Amino acid sequence: MRKTFIIIFLLLSASLYAQTMEMVLFDHQQRVAENPVVRLNFYEKLIATGLREFGKGSLNEQLVNYLARHEHLILKFKNSVSFANKNSKTLCQVQERHVDDEVDALRHLLLSGFLSLTMGEEHAFILTSLQEVRGGNNQLSMQMDVWNNFKAIELVAHHKEFLQQMSRTRQLDWMKAKYLELLESGEVKVLQSKPSSCQQSNIYPNL
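Below you can see the structure in the form of structure tokens.
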């Protein structure tokens, strides 16, 4: 799996990545498009589980289709996003949403790590990768996010047996501490440094 992540990251570009995902999901998307009941059920669950926070257009078509085919993941995805948004702000002591900086990097680490814990590495990698296929996401931002997602999933996978012996609360506390260490060490990629308690301006930019 590690080799797969690295290869995808090295080959990543906005056009190539979109083309690759389109090929992988072509048959899957056809099946969803042909079954309006599946899409109706998905949107019903979207509202029921509190995913309104994403808003219209925030979930790209490929991500919607994947979740529509794996409805048992919707609530887990929602909880992971909420966990990442809340804790990245809390840990970095900010109120507003940040983009392309340390807070953004930590949010991606926490999102991918939580997804890995709750649904496994494969679903976590697919969902976080599909999340990057959207309009307005430039290539450097995409590279930053995909690399940070990979680092988070890799860490959880490497310590899987150790984490399985913990309660969920201890798992999350361990994960937050480890991801802060990654951020401080410079292993996490960040496009720009902005004021927060997570700021490490001496090591950026590193893309």
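Count along the sequence shown from 1, then add 1236; that gives the number in the numbering used here.
Backbone N, C-alpha and C fix where the C-beta goes; we use that ideal spot for every residue, glycine too.
Fair warning: this is a prediction, and the values are worked out from it, not measured in the lab.
Item	Value
Return the chain-ordered list of same chain residues with a C-beta closer than 7 Å to the C-beta of N1323, the five sequence neighbours on each side being excluded.	L1346, K1412
Since H1359 and L1351 should fall inside the 8 Å C-beta cutoff, what is the C-beta to C-beta distance between them, to a whole number of angstroms?	7 Å
Going by DSSP, what residue range makes up the alpha helix (DSSP H) through V1481?	Nothing can be reported for residue 1481, as the shown portion of the chain is limited to 1237 through 1443.
Please name the residue in R1343, F1319, K1312 whose C-alpha comes closest to that of K1425.	R1343
With DSSP collapsed to three states, give me the class of K1312.	helix
Given a threshold of 16 other Cβ atoms within 10 Å of its Cβ, counted over all protein chains shown, does T1364 qualify as buried or as exposed?	buried
Please identify the residue among V1335, M1355, D1340 whose C-alpha is closest to the C-alpha of I1310.	M1355
Given this structure, state the Cα-to-Cα distance separating F1398 from E1368, to the nearest angstrom.	30 Å
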